[in-house]
Amino acid sequence: MLEIDVLASGSSGNCYMITDDRSAVFVDVGVNKKNLHCYQNKLQNKKVSLFLSHEHVDHIKGLKYFQSIFDGDIFCGFDTAKYLYKLGYDTDNIKIIEPDHLFVFNGWQVYPFRLSHDSADIFGFKFNFDNFLISFVTDTGEVSRNISEIITGSDILFLEANYEEEMLVNGKYPQHLKKRILSKKGHLSNKDAIKTLHEIYDSRLKKILFSHISEENNSYELMEKYCKYCEKTFKVEATYLRQKTHYSFKV
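Going by our numbering, the first residue of the sequence shown is number 1216, and it counts up by one from there.
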């Protein structure tokens, strides 16, 4: 059995954790000390690892504290590692990953793949736990055909639904920031997330979690409607992740 915890998901922080009876895998660590401290005792008998999608602060701000309480490997791209080194982070336990290269650690298979974002480098991840597939696609301005092919067949999909385009365009953000978010190196809109689901859906998909939702350019009322659409159209469980609400489930 796997337990999946969402510690944070959104513009101010992102952190996900997958645990089984032996191990714990974190995806990003954009949370504060308080959020991480409560897991120190819970995970003391497990092998803990961390996968970093990229170097933006909402994905790494808890890294120093993470390193002070856990001694597991940290997996990230070369440019992210270089950025962390320049900032003075301890890089001794960092392992460099390459896109589109499947590797195995602690009995789990991981397939990192490139996303499209304005960062040093940016990865999505597909984890294989005893043939149960969990994919993460957040912080991307587009979902290419290659990405769609990789995540097709996932049992659980964390998919960015950052903004409603009309809200962003008519909102209070400065024009240069709107342009950045709307670009192919920005973030994924609600409608592009739904389009992606139409492209990648197959009968194996069990649960969709809309992630990295903007509190300025999106609304939870809209996300409720998109979730209901997905449940009706794809016959799967669909939910959305609020920025400051812990979410946990078992599979």
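By construction, the Cβ of each residue, glycine as well, lies at the ideal position given by its N, Cα and C atoms.
Strictly by DSSP, which residues pair up with C1291? I1311
Assigned secondary structure, V1384 (DSSP; H/G/I helix, E/B strand, else coil): helix
Assigned secondary structure, T1234 (DSSP; H/G/I helix, E/B strand, else coil): strand
Could you give the distance in angstroms between the alpha-carbon of Q1259 and the alpha-carbon of L1251? 13 angstroms
Please give the ranges of any beta strand (DSSP E) in the segment 1301-1345, keeping only runs that are unbroken, at least 3 residues long and fully inside the region. 1309-1311, 1318-1320, 1323-1329, 1338-1344
Rounded to whole angstroms, what is the Cα-Cα separation between V1246 and K1400? 24 angstroms
Hey, how far is the Cα of I1312 from the Cα of T1454? 30 angstroms
I need the straight-line Cα distance from K1276 to V1244, nearest angstrom please. 7 angstroms
Suppose contacts are defined by Cβ-Cβ distances below 8 angstroms. Is G1225 in contact with E1430 by that definition? yes
Am I right that K1261 and F1290 are in contact with their C-beta atoms under 8 angstroms? What's the rounded C-beta distance? Actually they do not touch by this definition, with Cβ atoms about 17 angstroms apart.
Name, in chain order, the residues that DSSP records as bridge partners for I1371. I1349, K1422
Spatial neighbours of T1448 within its chain, please: CB distance less than 6 angstroms, with the 5 preceding and 5 following residues excluded, ordered by chain position. none
With distance defined between alpha-carbon atoms, name the residue in M1232, T1460, Q1458, L1424 nearest to K1443. L1424
Quick check on the burial criterion: 16 or more other C-beta atoms within 10 angstroms. Buried or exposed for V1390? A quick correction: the sequence has Gln, not Val, at residue 1390. By the 10 Å Cβ count, Q1390 comes out exposed.
Quick check: the Cα distance between L1278 and L1267, rounded to an integer number of angstroms? 10 angstroms
Unbroken alpha helix (DSSP H) runs of length 4 or more, entirely within the segment 1387-1457: which are they? 1390-1397, 1405-1415, 1435-1449
Pull up the distance between the alpha-carbon of G1322 and that of V1466, whole angstroms please. 18 angstroms
How many angstroms separate the CA atom of T1355 from the CA atom of E1414? 16 angstroms
The segment 1296-1309 / the segment 1360-1377 touching (three or more Cβ pairs under 8 angstroms): no
Please report how far the alpha carbon of L1330 lies from the alpha carbon of R1237, in whole angstroms. 30 angstroms
Could you spell out the range, first to last residue, of the beta strand (DSSP E) harbouring L1265? 1262-1266
Out of S1463, V1263, T1234, Q1458, point me to the one whose CA is closest to D1273's CA. Q1458
Tell me the rounded alpha-carbon separation between F1318 and Y1416. 25 angstroms
Could you tell me the distance, in whole angstroms, from the CA atom of K1440 to the CA atom of E1380? 16 angstroms
For E1446, collect the residues of the same chain with a Cβ closer than 8 angstroms to its Cβ; drop the 5 residues on either side in sequence, then sort them by chain order. E1452, A1453
Nearest CA to the CA of E1375: which residue from L1420, I1409, Y1462, A1335? I1409
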